[in-house]
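Letter by letter, the sequence shown follows residues 522 to 1203 of my numbering. In this text, a Cβ means the ideal position worked out from N, Cα and C, and glycines have one as well.
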Amino acid sequence: MNKFALISILLLLSSLLEAKTIKYEFPIDKKTINFTGNPVEALAINNQIPGPTIEATVGDVLEVTFHNKMDTETSIHWHGVLLPNDQDGVPYLTTPPIQPHSSFTYRYPITHSGTYWYHSHTGLQEQQGIYGALVFHPEKEKIKADKDNVIVLSDWIDAPPETVLANIKKDGDYYALKKQSVQSWAGVLKNGQMAINKRLHSAWTRMGPMDSSDIGYDLFLANGQKESFLKAASGEKIRLRLVNAGASSYFNVEFSGGPMTIVAADGVDVEPLVVKRLQIATAETYDVIVQIPESKSYELRSTSIDGTGYSSVFIGQGDKVFAPNIPKPNLFLMSPMMMDGMKSMQSMSGMSKKMHGNHKMSFQNNDQSSYHYTNYDRLRAVKETNFSEDLPKRQVILNLTGNMERYIWSFNNKTLIEADSILIKKGEVVQFVLQNKTMMHHPIHLHGHFFRVLNGQGKRSPLKHTVNVPPMSKVIIEFKANEEKDWFFHCHNLYHMKNGMARVVSYEKTTQFTPAVLSKIAHDTWYHSLDITGLSNMTMGRTRTSNTRNALEIEYDYNYNKEYDVDVTYARNLTRFLDIYAGGNFERADKDEKPISKTIAGIHYVLPLLIDSDLRFNSKGKLLRLTLKSDVQLTERTKFEWSFNTNKEYRLSLNYELNKKVLLTTTYDSDFKWGAGLRIKL
């Protein structure tokens, strides 16, 4: 060890001995809550949702003990915080989980200020309530405000998150009806030629109807409430620390008292930027300054990106002044690049110049109606963030890929369990090129590092730890590899991460990432579905058990003359559009004939216009059969389905959806003729 390293270690030990230790202690347990009029089980830290705000100052040592009162393990990840690897809180990868009925103490020095948050990284517990805010104060505050308040935004659904995930695995559009976002042809025609052209183009390129979110939430919360209040006097400047702790929601935030001034993003100070509306991606944080114009109560409204609901925080005192309603995005007219439904942010240069340096602001006589912050183009660091040109460089291309029909999300078409880690070397500059090939927003988060978002600001590119990658777009980030061991990298949409959009960034020589660790953090869960139709002339159905790439399926037709046709198959998914399969067919075409069994094999392939093709090889009879089938969503609840094969068999069905489990149906089958009845989907 050279003398410089020894001096550094001694200085670090000296500072730790002199540091003030800030201690917190909280239980984690189940809690019955009633947000919607329906009592359900949630999870809570210190018996509250969100958990308590944890505060410390740069130079302190933070020590937080959690007592797990539950029968299942849990964990706490410190989102956006630079800290020792073994304190990061990803169970089995960096930190042991908090075992049932046991305690765990996290301890690390506070080396940087800002607004951050903490949450469980175990299963889907974050959706159920295990999250809270972190505020790390600088030794000397540069941003002046009369008051400082934390607002934690989140989403809530009464159904257990495991049920939610199972629902969208069975049907990627499961919640469209609940959200009133079903994209029927009735809606397409109502919106005219542009919508027709868009739908036909999407279908031709094998893209299904888009949506701006996956889950149909019951409501949205701010600090655990649909509506809440903060006291403030006329003229006061309020610093709002906005934390998006939603499991999968983006929010458009607007203040009825005037524009907001962004002063920090993801905990890092930025040049003041004045905006009327702020879009905050899942897992991001923003600090904004607002000023109270008069003795009234002004609404800070956070509207979900899909327009299905909002939360309200009224700031001030007196009569309420409401923020404007944000209409639901018109999905029939929206292209992938317009998924946020807003214009790109334009710089309010005059006001920004006034604020730069002294953070003073004026809200009068300015029309900010069109100034919406929906991307990072104008976000600018307060100082240079670029790296030395002498450092070695590594570029990693990461396509954000997915299959909405199977609800699989991935990088470069591989889920976490299918891919090796991303190997990097300490001391190099690593650049990730994030190319979104899907129709969804993805909030991408890197543990243990800040990265530069290359947004056109050159040496002043902002530092962040979470970045939104909009549909069908590209974002480039880069960071200095100055850590060691292994760090999680993933989409922070909880359901996208759970279904494969994740990697481990591993440092060569110090990595501890092994197949055994991978098996603990990536689970290829099997999901089950059942679809049975009982008609006046026959019954038919399908049961399916599948994971990421494999599926076991039984499909049958049976009429009341004891005639049947049953397929039992195993399928392997190769690409988004291609499956191969093999199995057996068991048929009795006439009640007076003996049953016939044969071996079958074939391929499923999605053609343009979203037509499913099935080319089957049989061991007996006609050796080759081609089947084409598709469906057409006629109205919000009515769907037409058709199929035809080269044996001149065909089927036409019309379904009316009473709810997601029960449908009315009528069918004409070339063999079994007309029938009507009920269809059950489980």
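Tell me the rounded alpha-carbon separation between residue i and residue j.
{"i": "T512", "j": "I783", "result": "This structure cannot speak to residue 512, because the chain is shown only from 522 to 1203."}
{"i": "A802", "j": "I1121", "result": "47 Å"}
{"i": "N1080", "j": "T553", "result": "48 Å"}
{"i": "S1027", "j": "F971", "result": "16 Å"}
{"i": "W677", "j": "K691", "result": "21 Å"}
{"i": "M863", "j": "S733", "result": "The predicted position of M863 is uncertain, since its pLDDT is 37 and thus under 50; a value taken from the coordinates is nonetheless stated next. The alpha-carbon atoms of M863 and S733 are separated by roughly 13 Å."}
{"i": "N718", "j": "S1067", "result": "35 Å"}
{"i": "T636", "j": "P845", "result": "27 Å"}
{"i": "A1197", "j": "L1175", "result": "10 Å"}
{"i": "P573", "j": "H642", "result": "17 Å"}
{"i": "S634", "j": "R981", "result": "19 Å"}
{"i": "Q569", "j": "R1093", "result": "45 Å"}
{"i": "D827", "j": "S1140", "result": "50 Å"}
{"i": "A1110", "j": "D1190", "result": "14 Å"}
{"i": "H600", "j": "P682", "result": "21 Å"}
{"i": "H588", "j": "K995", "result": "42 Å"}
{"i": "Y639", "j": "I631", "result": "14 Å"}
{"i": "K1202", "j": "G788", "result": "46 Å"}
{"i": "N1205", "j": "T586", "result": "This structure does not reach residue 1205, given that the chain is present from 522 up to 1203, and the question cannot be answered."}
{"i": "L919", "j": "A766", "result": "25 Å"}
{"i": "R1070", "j": "V1025", "result": "21 Å"}
{"i": "L603", "j": "A1072", "result": "42 Å"}
{"i": "E1076", "j": "R1065", "result": "9 Å"}
{"i": "Q800", "j": "F853", "result": "22 Å"}
{"i": "N907", "j": "R973", "result": "8 Å"}
{"i": "D667", "j": "E757", "result": "6 Å"}
{"i": "G729", "j": "L686", "result": "20 Å"}
{"i": "G923", "j": "T1187", "result": "34 Å"}
{"i": "D550", "j": "D1045", "result": "27 Å"}
{"i": "D1113", "j": "N851", "result": "57 Å"}
{"i": "M925", "j": "V954", "result": "23 Å"}
{"i": "S890", "j": "A804", "result": "Low local confidence applies: a pLDDT of 38 at S890 is under 50, so the model's placement there is unreliable, and no value is given."}
{"i": "P780", "j": "Y897", "result": "18 Å"}
{"i": "A768", "j": "P571", "result": "13 Å"}
{"i": "L1145", "j": "R1097", "result": "24 Å"}
{"i": "P848", "j": "S823", "result": "13 Å"}
Measuring alpha carbon to alpha carbon, tell me which residue in the options is nearest residue i.
{"i": "T1157", "options": "G837, Y1102, K711", "result": "The question names Thr, but residue 1157 is Glu in the sequence shown. The option with the nearest alpha carbon to E1157 is K711."}
{"i": "H1017", "options": "I689, Q812, Q838, V656", "result": "I689"}
{"i": "Y807", "options": "N559, L674, S909", "result": "L674"}
{"i": "M1059", "options": "Y1048, D1086, A1037, H1049", "result": "D1086"}
{"i": "L921", "options": "Y894, H1011, Q838, T906", "result": "H1011"}
{"i": "T1159", "options": "Y897, A687, L1179", "result": "L1179"}
{"i": "R628", "options": "G708, L1136, D581", "result": "D581"}
{"i": "V811", "options": "E805, A804, G830, V834", "result": "V834"}
{"i": "G830", "options": "Y1102, T632, K1150, Q701", "result": "Q701"}
{"i": "L645", "options": "K1112, I1042, L1073", "result": "I1042"}
{"i": "E562", "options": "Q649, V602, N606, H640", "result": "Q649"}
{"i": "A1037", "options": "D679, T1069, G1123, I938", "result": "I938"}
{"i": "K817", "options": "Q838, Q704, I672", "result": "Q838"}
{"i": "W1008", "options": "K1030, L984, Q978, G969", "result": "G969"}
{"i": "K663", "options": "K841, A785, D941, R720", "result": "A785"}
{"i": "H658", "options": "K1150, K1115, I1124, E576", "result": "E576"}
{"i": "P548", "options": "T1090, T684, L1095, L564", "result": "L564"}
{"i": "D1192", "options": "D1078, M731, F1000, I1117", "result": "D1078"}
Assuming residue i and residue j are in contact, meaning their beta carbons sit under 8 Å apart, how far apart are those beta carbons, in whole angstroms?
{"i": "S623", "j": "P612", "result": "Wrong, their Cβ atoms sit about 13 Å apart, outside the cutoff."}
{"i": "F776", "j": "S825", "result": "The pair is not a contact, with the Cβ atoms about 17 Å apart (cut-off 8 Å)."}
{"i": "A1002", "j": "K946", "result": "6 Å"}
{"i": "L900", "j": "N957", "result": "Not quite, the Cβ-Cβ distance comes to about 19 Å (not below 8 Å), so this is no contact."}
{"i": "Y1102", "j": "H1125", "result": "7 Å"}
{"i": "L1015", "j": "H986", "result": "17 Å between Cβ atoms; not a contact."}
Please check if any C-beta of chain B sits within less than 8 Å of the C-beta of residue i.
{"i": "D827", "result": "No chain B is part of this structure, which consists of one protein chain only."}
Does the region 606 to 624 come into contact with the region 688 to 706, if we say contact requires no fewer than three beta-carbon pairs (one atom in each stretch) closer than 8 Å? no
Are the region 961 to 974 and the region 983 to 991 touching, with three or more C-beta to C-beta distances below 8 Å? yes
Hey, is the region 937 to 956 in contact with the region 909 to 929, meaning 3+ C-beta pairs nearer than 8 Å? yes
Report yes or no: do three or more beta-carbon pairs, one from the region 718 to 727 and one from the region 1125 to 1137, lie closer than 8 Å? Flag = yes, the region 718 to 727 and the region 1125 to 1137 touch.
Please go through the region 773 to 846 and give each complete beta strand (DSSP E) segment of 3 or more residues, from N-terminal end onward. 781 to 786, 789 to 796, 798 to 801, 806 to 812, 818 to 825, 831 to 837
Pairs of beta-carbons, one from the region 752 to 768 and one from the region 644 to 654, closer than 8 Å: are there three or more? yes
Taking three-plus beta-carbon pairs below 8 Å as touching, is the region 778 to 796 in contact with the region 742 to 757? no
Segments assigned beta strand (DSSP E), at least 3 residues, entirely inside the region 718 to 772: DSSP assignment within the region 718 to 772 yields the following whole beta strand (DSSP E) runs of 3 residues or more, N-terminal first: 740 to 743, 748 to 751, 758 to 765.
Those runs of the beta strand (DSSP E) which lie wholly inside the region 657 to 702 and span at least 3 residues: 668 to 677
Any beta strand (DSSP E) of 3 or more consecutive residues that is wholly inside the region 1079 to 1130: 1085 to 1094, 1099 to 1109, 1117 to 1128
Ordered list of alpha helix (DSSP H) runs contained in the region 967 to 1032, each at least 4 residues: 1015 to 1019
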